[in-house]
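J.: Residue 314, in the numbering used here, is where the sequence shown stops; the numbers in between run on with no holes.
My questions all concern the structure below.
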Amino acid sequence: MARKKVDYVRNEIYEPFSRRAKANAARTRTKVIERMYTRILSEMCMNRFAWDGMPPEIDTRYLEYTLYLQGLAVFFYDDDYGRFFCLKGSGAGPVNMYDNPTSFVVTGNAQYNSTVAGNNCVPIYANYCRESSTDIVAIYAQRLAEIDRTIEINMLNARNTVLVAVDDSERMTMKEAFSAIVEGQPVIWGTEGFNASAVKDKLSVINLNENSNSSLTDILTVKLKVWNEAMTLLGIMNVNSEKAERMVVEEASGSSGQVMAMRAVELNCRRKAADMINDKYGLSITVGWNLDQEISKGIPGLDGADMAMGEGVF
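Structure, rendered in structure tokens:
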């Protein structure tokens with residue numbers, strides 16, 4: 001009898017991907033929620049800073065989008081085009097004693113590609129580590145998606161709290177009895193054999209959600225803490241709503257101090273780049289935190305000196 005030929009490529013390479021591709025409603029739902037949070041956090045991340053005085057040909061949305069994704073954008077003037085550019089870039093060639101690239105490869109999708117000397121451009125970095133913020137967004141989007149799925153599952157269990165196991169002969173009787181309970185009937189009529197001892201022997205009721213209310217409350221509390229943690233890492237002010245009314249000034253200042261520290265990391269890099277651009281090209285570019293002061297009035301830790309700190313002390 002001939003041995004069956006084993007297809008290694010199919011079994012070991014393609015088959016694992018085929019198995020992963022099979023529909024999984026729970027995983028799909030989680031990924032949809034994760035994609036939603038990724039978009040929301042990404043939008044907030046790219047909308048944190050306001051640029052003023054930029055040449056009209058510079059798209060600040062594209063600038064912040066590039067800084068968010070890659071951590072670096074390169075500002076320069078192109079003599080051939082007679083205009084300023086601020087495009088995606090990467091360091092090229094050797095670095096100097098401060099680990100700064102001596103030249104940059106800049107790209108504008110398929111329309112533009114060039115190498116610019118370091119002394120003919122100004123790099124704009126997203127932060128001191130010169131890395132993107134996508135890792136923060138990805139991790140917290142995943143956490144929030146898992147929490148939301150847990151909430152959805154708990155809410156579903158809360159709507160289906162009782163499992164009834166009964167003999168087939170009594171199934172219709174019990175179904176009608178529970179329907180009457182749901183309808184709010186004051187009296188439920190049963191047969192002679194439908195007595196307490198018989199029901200006890202033939203029927204078992206399982207409560208699927210004994211602690212649904214407390215667990216759901218705990219999950220919502222965890223979600224709020226995770227969300228606030230994400231906001232802090234992005235430098236966005238947040239207030240613990242559970243104790244906002246009891247929060248003293250010291251607590252509010254301590255919480256806002258972490259936010260301001262994270263905010264300064266990215267704001268300082270942009271302001272340093274703006275100063276270098278202004279010195280090199282004679283422009284008047286400024287960058288600040290994109291926050292309406294009216295929103296912050298009356299919020300502990302955001303008015304007075306803290307508000308001034310958010311607007312320009314760094």
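Even glycine gets a Cβ: it sits at the ideal position worked out from N, Cα and C.
Just so we're clear, the structure is a prediction, and the values are computed from it rather than from any experiment.
(1) At what residues does the beta strand (DSSP E) containing V239 begin and finish?
(2) Expressed to the nearest angstrom, what Euclidean distance is found between the alpha-carbon atoms of E229 and S90?
(3) With distances taken Cα to Cα, identify the nearest neighbour of R27 among T150, Q258, Y140, M155.
(4) State buried or exposed for T221, treating a residue as buried only when at least 16 other CB atoms are found within 10 Å of its CB.
(5) Could you give the residue range of the alpha helix (DSSP H) that holds V32?
(6) Give me the DSSP bridge partner(s) of Y112.
(7) Give every residue of the same chain whose Cβ lies closer than 7 Å to the Cβ of D79, excluding the five residues on either side of it in the sequence, and list them in chain order.
(8) Determine the direct distance from the alpha carbon of V265 to that of R48, and round the result to whole angstroms.
(9) Where does W289 fall in DSSP's three states?
(10) Figure out for me which residue from G282, G235, R29 has the closest Cα to the Cα of I136.
(11) Taking 8 Å as the limit between beta carbons, can you name the residues of its chain near I13, skipping five residues before and five after?
(12) Leaving out the 5 sequence neighbours to the left and right, which residues in its chain are closer than 7 Å to S215 when beta-carbon positions are compared?
(13) For the candidate residues V226, A274, R263, I285, whose alpha-carbon lies nearest to that of C45?
(14) I need the boundaries of the beta strand (DSSP E) containing A92, first residue and last residue.
(15) Quick one, which of V166, N96, I139, N113 has its alpha-carbon nearest C86's?
(16) Could you please give the first and the last residue of the uninterrupted beta strand (DSSP E) stretch that includes I147?
(17) Look at M174 and V166 and say whether their C-beta atoms are less than 7 Å apart.
(18) Between Y125, N100, C269, which lies nearest to A73 when the distance is taken from Cα to Cα?
(19) In terms of residue numbering, what span does the alpha helix (DSSP H) encompassing A177 cover?
(20) Would you check if the distance between the CB atom of K223 and the CB atom of I147 is smaller than 7 Å?
(21) Looking at the structure shown, is E12 part of a helix, part of a strand, or coil, going by DSSP?
(22) Sort W227, Y81, S256 by Cα distance to Q111 and report the nearest one.
(23) Using only alpha-carbon positions, find the residue among S42, Y8, G118 that is nearest to A92.
(24) Confirm, please, whether the CB-CB distance from A141 to L41 is below 7 Å.
(25) Between L144 and G288, what straight-line distance do the alpha-carbon atoms span, to the nearest angstrom?
(26) By the three-class DSSP mapping on this structure, what secondary structure does W51 have?
(27) Give me the Cα-Cα distance between V9 and N24, rounded to the nearest whole angstrom.
(28) With distance defined between alpha-carbon atoms, name the residue in F75, E183, K31, L267 nearest to V105.
(29) How should S133 be labelled, buried or exposed, when 16 other C-beta atoms within 10 angstroms of its C-beta is the threshold for buried?
T.: Per the coordinate set shown:
(1) Element bounds for V239: n/a, residue is neither H nor E.
(2) 31 Å
(3) T150
(4) exposed
(5) V32 -> alpha helix (DSSP H) spans 25-46.
(6) For Y112, which the question treats as bridged, DSSP gives no partner whatsoever.
(7) none
(8) 13 Å
(9) Note: W289 maps to strand in three-state DSSP.
(10) Here the closest residue by C-alpha is G235.
(11) none
(12) N154
(13) R263
(14) 83-95
(15) N113
(16) I147 -> not in any beta strand (DSSP E); alpha helix (DSSP H) instead, spanning 134-159.
(17) Taking 7 Å as the Cβ cut-off, M174 and V166 qualify as a contacting pair.
(18) Y125
(19) 171-183
(20) yes
(21) In this structure, E12 counts as helix in the three-state DSSP scheme.
(22) Y81
(23) G118
(24) The Cβ atoms of L41 and A141 lie closer than 7 Å to each other.
(25) 29 Å
(26) strand
(27) 25 Å
(28) F75
(29) Label assigned to S133: buried.
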